[in-house]
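Heads up: the sequence shown at position 346 corresponds to 797 in the numbering used here, and the numbers run straight through without jumps.
The beta carbon of each residue, even a glycine, is placed where N, CA and C say it ideally should be.
Note that this is a predicted model, so its numbers are computed, not measured.
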Amino acid sequence: MAINAVKGTRDILAPEICNWTKYEEMARKLFRRYGFEEIRTPIFEYTEVFSRGIGEDTDIVHKEMYTFADRKGRSITLRPESTASVVRSYIEHRMDLQARVKRLFYIGPMFRYERPQKGRYRQFYQTGAEVFGSSHPYVDADTIEMVVRLLRDLGLTGLRVDINSVGCRECRPDYRSALQEYLSGHREELCEDCQRRMNNNPLRVLDCKVPGCGEVVKNAPSIQDHLCGGCLEHQHQVLHFLDVLGVTYQLATDLVRGLDYYTRTVFEVISEGLGAQNAILGGGRYDNLVKELGGPDVPAFGWALGMDRLMMVLGDRQLSTPDPTYFVLPIGNELAYAIETSVALKDAGHHAVVLAEASSLKSGLKQISKAGGRFAILAGESERERNILILRDMENSAQREIPVGDLLKEIENEIAE
Ligand code: HAM
Numbered sequence: 452m453a454i455n456a457v458k459g460t461r462d463i464l465a466p467e468i469c470n471w472t473k474y475e476e477m478a479r480k481l482f483r484r485y486g487f488e489e490i491r492t493p494i495f496e497y498t499e500v501f502s503r504g505i506g507e508d509t510d511i512v513h514k515e516m517y518t519f520a521d522r523k524g525r526s527i528t529l530r531p532e533s534t535a536s537v538v539r540s541y542i543e544h545r546m547d548l549q550a551r552v553k554r555l556f557y558i559g560p561m562f563r564y565e566r567p568q569k570g571r572y573r574q575f576y577q578t579g580a581e582v583f584g585s586s587h588p589y590v591d592a593d594t595i596e597m598v599v600r601l602l603r604d605l606g607l608t609g610l611r612v613d614i615n616s617v618g619c620r621e622c623r624p625d626y627r628s629a630l631q632e633y634l635s636g637h638r639e640e641l642c643e644d645c646q647r648r649m650n651n652n653p654l655r656v657l658d659c660k661v662p663g664c665g666e667v668v669k670n671a672p673s674i675q676d677h678l679c680g681g682c683l684e685h686q687h688q689v690l691h692f693l694d695v696l697g698v699t700y701q702l703a704t705d706l707v708r709g710l711d712y713y714t715r716t717v718f719e720v721i722s723e724g725l726g727a728q729n730a731i732l733g734g735g736r737y738d739n740l741v742k743e744l745g746g747p748d749v750p751a752f753g754w755a756l757g758m759d760r761l762m763m764v765l766g767d768r769q770l771s772t773p774d775p776t777y778f779v780l781p782i783g784n785e786l787a788y789a790i791e792t793s794v795a796l797k798d799a800g801h802h803a804v805v806l807a808e809a810s811s812l813k814s815g816l817k818q819i820s821k822a823g824g825r826f827a828i829l830a831g832e833s834e835r836e837r838n839i840l841i842l843r844d845m846e847n848s849a850q851r852e853i854p855v856g857d858l859l860k861e862i863e864n865e866i867a868e
């Protein structure tokens, strides 16, 4: 019996993959313009990196991690996100000593055991950016503007930037108790999970997708009324720099995020067309995480973008047109002539495939049509003797003879057309 991909995972195939690679190329180029370096951390880490980093009371750590014991019995987890991994790496390599402000980005797969649905997978891909070493509100705005620019360069419109503050160690306890007090008056209306969250981590209730909880949350006290002077000023400055940078945003006073490490700024970019899973990206400031994971007291800011969702928003739009592949078809006993031709094409940077397995001209042309090939190059004995090749346009079956010496020039003309 054939075996299928695991539930919640999928193969990304051509032609969809062309948008993925083009997007990655655009993202890498753009991030370098903003002073970011690429980082690749392992796909798995000791479980503690995430349980301490993301927070024991979050859904991710509580029920969504792929955790297993390795052969020596150590607890290992497939990364559900990369911020905690990047922080681990930042600390391990003493990157605080390398630069006052360190800007890092990553692209890669993440793993969460969530219920698969539209826009939600168990293996999904993120692009992320993290800035260490600055608590300046300009860094928040600049890093947000970078991703807004990326989305704009991709031709996406109709996106909304929601921004809020979740306060800091000074003011959050005050908000937490106000929220707890309010929620305890509505205990019966909350789902089972939120009845538990209410005690351990009441801010998580604000993020619950269960409709009943949503109703309760509507009238909950707002964090905006509880921010301390420092957090209010920070928010004010971030919004000011976003204005300076020309980024349009919406203050979303009920926005909290599903991870515990945030302080002050949190934000998300929403695409209404996506349905329930409508956040393309999210992030914020996390000024305590580096220290909490055993490193120096270094503030940080970052975001991660869900590439699967981004590709859904792009839909059928093609980010690039792939160069044509030239199929070189040997006729009769002329495989060597076909190979020589394909080598010359590849040497000049073109895409060329030899159809060594074609048993006849007819079957070869059929294979090329099936593969969606636009051009065939026919290499037979009489062509070799006359030092020519036949270029066939598969769309209209038009054929013409080309002297071997002119092949590259002719092909470049075809591409330019
Ligand atoms: P997050 O909100 O958990 O944040 O994930 C960021 C994005 O990843 C989401 O907005 C969504 O587009 C995508 N995503 C999350 N889960 C799935 C899934 N199961 N299937 C498909 N896409 C998904 C973080 O991961 C933080 N590390 C962001 C961050 C970086 N904060 C500071 N620095």
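| task | Indicate whether the contact test is met: 3 or more Cβ pairs, each with one atom in the region 547-557 and one in the region 579-594, closer than 8 angstroms. | result | yes
| query | Can F575 be considered in contact with the ligand HAM, in the sense that its beta carbon sits closer than 7 angstroms to one or more heavy atoms? | reply | yes
| message | Less than 7 angstroms separating the Cβ of R571 from some heavy atom of the ligand HAM? | response | yes
| request: Whole angstroms is fine: what's the gap from G856's alpha carbon to A807's? | output: Approximately 23 angstroms, taken between the alpha carbons.
| query | In this structure, does DSSP put S673 in helix, strand or coil? | reply | coil
| request: Determine the burial state of D591: buried for a count of at least 16 other Cβ atoms within 10 Å of its Cβ, exposed for fewer. | output: buried
| Should I490 be labelled buried (16 or more other beta-carbon atoms within 10 Å of its own) or exposed? | buried
| query | Which residues bound the alpha helix (DSSP H) around T534? | reply | T534 -> alpha helix (DSSP H) spans 534-543.
| query | If you draw a straight line from the C-alpha of Y485 to the C-alpha of L756, how long is it? | reply | 17 angstroms
| said: Is it buried or exposed, K553, if we count other Cβ atoms within 10 angstroms and call 16 or more buried? | reply: buried
| Do the region 714-721 and the region 652-670 touch if we need at least three Cβ pairs shorter than 8 angstroms? | no
| request: Answer yes or no: do Q728 and R760 have a C-beta to C-beta separation smaller than 8 angstroms? | output: yes
| query | For M763, which of helix, strand or coil comes out of DSSP? | reply | helix
| Between the CA atoms of V537 and L696 - distance to the nearest angstrom | About 27 angstroms.
| A478 CB to nearest heavy atom of the ligand HAM below 7 angstroms | no
| Going along the chain, which residues of its own chain have a beta-carbon closer than 7 angstroms to the beta-carbon of E684, five neighbours each way excluded? | none
| Does the region 452-459 come close enough to the region 505-521 to have 3 or more Cβ pairs within less than 8 angstroms? | Output reads no: the region 505-521 does not touch the region 452-459.
| task | Would you identify the three-state DSSP class for V457, choosing helix, strand or coil? | result | coil
| message | Counting C-beta neighbours from all protein chains within 10 Å, is the total for A803 16 or more, i.e. buried, or is it exposed? | response | Buried, because 16 or more other Cβ atoms sit within 10 Å of the Cβ of A803.
| task | Along the alpha helix (DSSP H) that carries N879, what are the first and last residues, could you check? | result | Nothing about residue 879 can be reported from this structure: the residues present for the chain run from 452 to 868 only.
| said: So, under 8 angstroms CB-CB, L840 and A849 are touching, yes? Tell me the CB distance rounded to an integer number of Å. | reply: About 15 angstroms separates the CB atoms of L840 and A849; that is not less than 8 angstroms, and the two are not in contact.
| With a Cβ-Cβ cutoff of 8 angstroms, do S586 and D748 count as a contact? | no
| Endpoints, the beta strand (DSSP E) within which D510 is located | Element bounds for D510: not the beta strand (DSSP E) but the alpha helix (DSSP H), 510-514.
| First and last residue of the beta strand (DSSP E) that includes T518? | 517-520
| From this set, T460, R483, E565, which residue's C-alpha is nearest D510's C-alpha? | Nearest to D510 by alpha-carbon distance, out of T460, R483, E565, is E565.
| query | If we count the other Cβ atoms within 10 Å of its Cβ and call it buried at 16 or more, is T699 buried or exposed? | reply | exposed
| task | Pick out the complete beta strand (DSSP E) segments inside the region 534-615, 3 residues or longer, and give them in chain order. | result | 553-562, 574-583
| Over what stretch of residues does the alpha helix (DSSP H) that includes A789 continue unbroken? | 786-798
| F752 - partner residues in DSSP beta bridges | V582, R736
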